[in-house]
Structures are given as C-alpha cells and as structure tokens.
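Numbering (my numbering), first residue to last: 21 to 160. Encoded as structure tokens, the structure appears first; notes follow it.
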Amino acid sequence: MLERTLGIVKPDGIRRGLIGEILKRIEDSGLRVVALKMKQLTRSEAEGFYYVHREKPFFNDLVDFMTSGPVALFVLEGENAIERYRRLMGATDPKKAEKGTIRSDLAESMQCNTVHGSDGPDTARFEISYFFAATEIVKR
Ligand code: CMP
Numbered sequence: 021m022l023e024r025t026l027g028i029v030k031p032d033g034i035r036r037g038l039i040g041e042i043l044k045r046i047e048d049s050g051l052r053v054v055a056l057k058m059k060q061l062t063r064s065e066a067e068g069f070y071y072v073h074r075e076k077p078f079f080n081d082l083v084d085f086m087t088s089g090p091v092a093l094f095v096l097e098g099e100n101a102i103e104r105y106r107r108l109m110g111a112t113d114p115k116k117a118e119k120g121t122i123r124s125d126l127a128e129s130m131q132c133n134t135v136h137g138s139d140g141p142d143t144a145r146f147e148i149s150y151f152f153a154a155t156e157i158v159k160r
C-alpha cells in the first residue's frame, strides 16, 4: 500500500550533524522525501505532538529534550513507508536496535534516540498534519 509517514531528526541528531547521513540512508532505501523543513519546537508544540505519552514518567524530560534545539521534520512516501522507515530506524532503545539500523549505529540513549517515525497509519495522518499543510507536500 502506498503510504506516507512523518519522520524527525531529533535535536541530538542535529547537534551531531547527522541530517545528511540520515536522509542518505532513507533515500538509499528507496523511500521518497516529499516534504522537509527545520523547526524549533515550542513546549506546547512538543507536548501536543507527544500527547499520547502525557502520563508517562519520561514525558517532561522528553519535552525538555525535543525543545532543546531545532529538529528536521520530513514526510516520506512509498509502498509500506511506515513499516519500512521503522525498520530503517530500529528499536526505540538503541541498545536493542538491530545492527545497521539508524538507532543502533547513531543513537545515544533511549531518550536521545536521534530519529522519530510514525508507528501506524492513524498516527502518521495525525503527525503529518500536525507539522505540514497539504500545500507543503510535493508530488514526485
Ligand atoms: P519516539 O519514537 O519519538 O516516541 C516517544 C519517545 O519517547 C521515544 O522516541 C523516546 O525518545 C522517548 N522514550 C520512550 N521510552 C522512553 C523511556 N523509557 N525513557 C525515556 N525516554 C523514552
């Protein structure tokens, strides 16, 4: 199924100059970048994005981290894009991520895990529309 998914290079990835490396892995996998921008999230934007995690013990630290510097936001498109990008990223905890995945190779910790990706079709729809207007997404 042709899908779109929302991806983020998190502040730790931006600080370490990893935008190019991450987009290279994505492009080499055959997924198409159909929207892309840099953004400094406000607290309320980060809280809204991670609303489903609002009761988790790590929520405040997560919001602190996600607002600690700019992020790169992008929309990917392709057949089964959601699952393919999740496989490229690897498990949330870089210590548990498979070798060769973005998080296994590049991420520092469970919190500073360098990239985000939507975890399913409903989440992808919510997350894409949270950051991108329809007019910011290109056809290719
Ligand atoms: P992400 O895929 O963006 O979704 C929620 C984020 O919360 C996750 O990546 C991690 O950055 C963070 N996270 C998830 N679980 C934990 C945890 N147990 N401790 C700290 N941070 C976490």
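The beta carbon of each residue, even a glycine, is placed where N, CA and C say it ideally should be. Note that the structure is a prediction, hence the values are computed from the model and not measured.
Subject >> Reduced DSSP secondary structure (H/G/I, E/B, other) of F94 >> reply: Residue 94 sits at position 74 when you count from the first residue of the sequence shown. In the structure shown, F94 sits in a strand (DSSP, three-state: E or B).
Original post:
How many Å lie between V29 and I42 at the Cα?
Top reply: Here residue 29 corresponds to residue number 9 of the sequence shown, with the count starting at 1. Here residue 42 corresponds to residue number 22 of the sequence shown, with the count starting at 1. If I take the Cα positions, the gap works out to 8 Å.
**OP:** Check each residue's C-beta against every heavy atom of the ligand CMP and list, in chain order, those closer than 5 Å.
**Re:** F78, L82, M130, Q131, N133, H136
Original post:
In terms of residues, what are the limits of the alpha helix (DSSP H) holding M86?
Top reply: For the purposes of this step, residue 86 is taken as residue 66 along the sequence shown, with counting starting at 1. 79-86 is the extent of the alpha helix (DSSP H) around M86.
Original post:
Taking DSSP as the reference, what is the three-state secondary structure of A111?
Top reply: In the sequence shown, residue 111 corresponds to position 91, counting from 1. In the structure shown, A111 sits in coil (DSSP, three-state: anything other than H, G, I, E or B).
**OP:** Pick helix, strand or coil for I11, following the three-state DSSP scheme.
**Re:** Past the boundaries of the shown model lies residue 11; the chain is included only from 21 to 160, so the question cannot be answered.
Original post:
Alpha carbon to alpha carbon, what distance is there between E47 and G98?
Top reply: As a working mapping, residue 98 is identified with position 78 in the sequence shown. As a working mapping, residue 47 is identified with position 27 in the sequence shown. Cα to Cα, the separation comes out at about 11 Å.
Subject >> Beta-carbon spacing of G50, H136 below 8 Å >> reply: Indexing the sequence shown from 1 puts residue 50 at position 30. Indexing the sequence shown from 1 puts residue 136 at position 116. Result no, Cβ atoms of G50 and H136 do not sit closer than 8 Å.
Original post:
Under a three-way DSSP split, which group does E75 fall into?
Top reply: Along the sequence shown, one-based indexing puts residue 75 at 55. In this structure, E75 counts as coil in the three-state DSSP scheme.
**OP:** Rounded to whole angstroms, what's the CA-CA distance from A162 to K159? Just pull it up for me.
**Re:** Any answer about residue 162 is impossible in this case: the structure gives the chain only from 21 up to 160.
Original post:
Once you ignore the five residues that flank S138 on each side, which residues in its own chain have a CB closer than 7 Å to its CB?
Top reply: The count along the sequence shown starts at 1 and reaches residue 138 at position 118. Excluding its 5 nearest sequence neighbours in each direction, S138 has C-beta neighbours in its own chain below 7 Å: T25, L26, I102, A144, E147, listed in chain order.
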